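Novice: Mind looking over this structure? Questions follow.
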Ligand SMILES: Nc1nc2c(ncn2[C@@H]2O[C@H](COP(=O)(O)OP(=O)(O)OP(=O)(O)O)[C@@H](O)[C@H]2O)c(=O)[nH]1
Ligand SMILES: [Mg+2]
């Protein structure tokens, strides 16, 4: 007997899929409503009915995709991806787009399936290790992790002995400059502080020859027209790329609205932080999807050295399914121990 799960928005649609793929002899063994996703129906069929007794191949065109059937000894990888998306609180529209992108794939590995879904629905543009085409300004709501991210990027560049420029525009808030200065002093970098758009344009001219120019900014309330205008004024002063910094663990709808506000001032990339402190990354997927932002790197620790992980479909899939990553590494570790013994 072979089992297969079907996802659909309604029971009627799920039943139609069962009949289409498995034929009229399929037996429904379980059905379940899944919040925000719809209905999941698991159906079974005898293999002789599927392939024709002794025929060794599909009996007719409707049963032409036996590869996507669940291996009776293990769970369906697509079900595991679907469960992970629900666990992460990925909103229904994003969940559906991701699941649809992989429903016809023949993959045995849930990490690969999730990685394929991420790859087809999202864009990934990690920050280069080399020369940045434009200076970047880390922007976002208060406390998102902008200053720590600038410190991490400074440290990464300093370890690679790259000449970089560091500018802070966070001059209004008490302590805004000192926080970054504490890092730049250790790294023996000169921190330039600027108070207005003209000064920023001049500071960027001074830093022109640098491989990377990093600009910290003050936290902005995405719903304050005045604060967002201040930010826009800074950004139009020079050719500079704003990168949105957003912490994991926000409400998904709030994350989308925040991302849209920063998209309006020109952000095209999202750099999520605090991935080490959140178990649900759905709000970040929602923000990237809703505002059309590409994933850059992610903050995964408070440490400045090695504190950024370049995001790719594979690294993000591993962050979303750490249990699968751990399970895959298990046999390798055992083998290494054997070699040393
Ligand atoms: N665990 C963890 N903490 C982080 C991460 N990124 C930032 N933080 C913490 O988040 C807090 C805020 O970080 P900041 O870099 O000061 O945030 P900011 O966006 O510059 O804040 P404002 O300048 O006040 O708007 C600090 O306590 C950081 O240590 C991360 O990836 N992981
Ligand atoms: Mg700051």
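Numbering (this note's numbering), first residue to last: 16 to 356. Glycine included, each C-beta is placed from N, C-alpha and C at the ideal position. Everything numeric in this text was worked out from a predicted model, so none of it was measured.
In its own chain, which residues sit with a C-beta less than 7 Å from the C-beta of residue 336, not counting the 5 before and 5 after it?
Specialist: As a working note, residue 336 is residue 321 in the chain shown. Closer than 7 Å at the Cβ level, and outside the excluded window around residue 336, lie 99, 125, 126, 129.
Novice: Report the option in 239, 182, 169, 143 whose CA atom is closest to the CA atom of residue 210.
Specialist: Within the chain shown, numbered from 1, the residue matching residue 210 stands at position 195. Cα-wise, what sits closest to residue 210 is 182.
Novice: Any heavy atom of ligand 1 closer than 6 Å to the Cβ of residue 157?
Specialist: Here residue 157 is taken as the residue at index 142 of the chain shown, counted from 1. Answer for residue 157: yes, Cβ within range of ligand 1.
Novice: Decide if residue 164 is buried, meaning its Cβ has at least 16 other Cβ atoms within 10 Å, or exposed.
Specialist: Taking the first residue of the chain shown as 1, we reach residue 164 at position 149. By the neighbour-count rule (16 or more Cβ atoms within 10 Å), residue 164 is buried.
Novice: Taking 6 Å as the line, does the beta carbon of residue 321 fall inside it for any heavy atom of ligand 1?
Specialist: Numbered from its first residue, the chain shown carries residue 321 at position 306. Every heavy atom of ligand 1 is 6 Å or more from the Cβ of residue 321, so no.
Novice: Whether or not the stretch 143 to 159 and the stretch 218 to 238 are in contact is what I'm after, with contact meaning three or more pairs of Cβ atoms, one per stretch, closer than 8 Å; do they touch?
Specialist: Segments in contact, yes.
Novice: Let me check understanding here. Comparing Cα to Cα, which of 305, 254, 257, 235 lies closest to residue 268?
Specialist: Taking the chain shown and counting its residues from 1, the one referred to as residue 268 is at position 253. Cα-wise, what sits closest to residue 268 is 305.
Novice: Considering only their Cβ atoms, is the gap separating residue 261 from residue 302 smaller than 7 Å?
Specialist: Along the chain shown, one-based indexing puts residue 302 at 287. Along the chain shown, one-based indexing puts residue 261 at 246. Yes, the Cβ-Cβ distance between residue 302 and residue 261 is below 7 Å.
Novice: Would you mind giving the Cβ-Cβ distance between residue 243 and residue 276, rounded to the nearest angstrom? I have them listed as a contact below 8 Å.
Specialist: For the purposes of this step, residue 243 is taken as the residue at position 228 of the chain shown. For the purposes of this step, residue 276 is taken as the residue at position 261 of the chain shown. At roughly 6 Å, the Cβ-Cβ gap stays under 8 Å, so residue 243 and residue 276 are in contact.
Novice: Quick check: residue 112 and residue 136, are their CB atoms within less than 7 Å of each other?
Specialist: Position 97 of the chain shown, counted from the start, is the residue given in the question as residue 112. Position 121 of the chain shown, counted from the start, is the residue given in the question as residue 136. Yes.
Novice: Given residue 186, which residues of its chain have a CB within under 6 Å of its CB, disregarding the five upstream and five downstream residues?
Specialist: As a position in the chain shown, residue 186 is number 171, starting the count at 1. Cβ neighbours of residue 186 beyond the five flanking positions: 208, 210.
Novice: What's the C-alpha gap between residue 194 and residue 162?
Specialist: In the chain shown, the residue the question calls residue 194 occupies position 179. In the chain shown, the residue the question calls residue 162 occupies position 147. Looking at the two C-alpha atoms, the distance is approximately 8 Å.
Novice: Kindly indicate which residue of 271, 259, 272, 265 has the alpha-carbon position closest to the one of residue 312.
Specialist: On the chain shown, residue 312 is found 297 positions in, with the first residue counted as 1. For the residues 271, 259, 272, 265, the minimum Cα distance to residue 312 belongs to 259.
Novice: Run through the DSSP bridge pairs and tell me what residue 314 is partnered with.
Specialist: Counted from its first residue, the chain shown places residue 314 at position 299. Per DSSP, 323.
Novice: Looking only at C-alpha atoms, which of 142, 252, 212, 295 sits nearest to residue 358?
Specialist: Residue 358 lies beyond the stretch modelled for the chain, which goes from 16 to 356, so this question has no answer here.
Novice: Can you list, in chain order, the residues of its chain with a C-beta nearer than 6 Å to that of residue 199? Leave out the 5 residues immediately preceding and following it.
Specialist: To locate residue 199, count along the chain shown from 1; it is residue 184. 181, 206, listed in sequence order.
Novice: Please classify residue 219 as buried or exposed, where buried requires at least 16 other C-beta atoms within 10 Å of its C-beta.
Specialist: Taking the first residue of the chain shown as position 1, residue 219 is located at position 204. With 16 or more other Cβ atoms within 10 Å, it is buried.
Novice: Do the CB positions of residue 20 and residue 108 come within less than 7 Å of each other?
Specialist: For the purposes of this step, residue 20 is identified with residue 5 of the chain shown, where counting begins at 1. For the purposes of this step, residue 108 is identified with residue 93 of the chain shown, where counting begins at 1. Their beta carbons are not under 7 Å apart, which means residue 20 does not touch residue 108 by this criterion.
Novice: What distance in whole Å lies between the Cβ atoms of residue 316 and residue 322, which are believed to be in contact at a cut-off of 8 Å?
Specialist: Locating residue 322 in the chain shown gives position 307, counting from the first residue. Locating residue 316 in the chain shown gives position 301, counting from the first residue. That belief holds up - the Cβ atoms of residue 322 and residue 316 are roughly 5 Å apart, short of 8 Å.
Novice: With distance defined between alpha-carbon atoms, name the residue in 105, 53, 97 nearest to residue 300.
Specialist: By one-based count along the chain shown, residue 300 stands at place 285. Of 105, 53, 97, the residue nearest in Cα terms is 105.
Novice: I believe residue 22 touches residue 114 by the beta-carbon criterion, under 8 Å. Please report the beta-carbon distance rounded to the nearest angstrom.
Specialist: Within the chain shown, the letter at position 7 stands for residue 22. Within the chain shown, the letter at position 99 stands for residue 114. Confirmed, about 6 Å.
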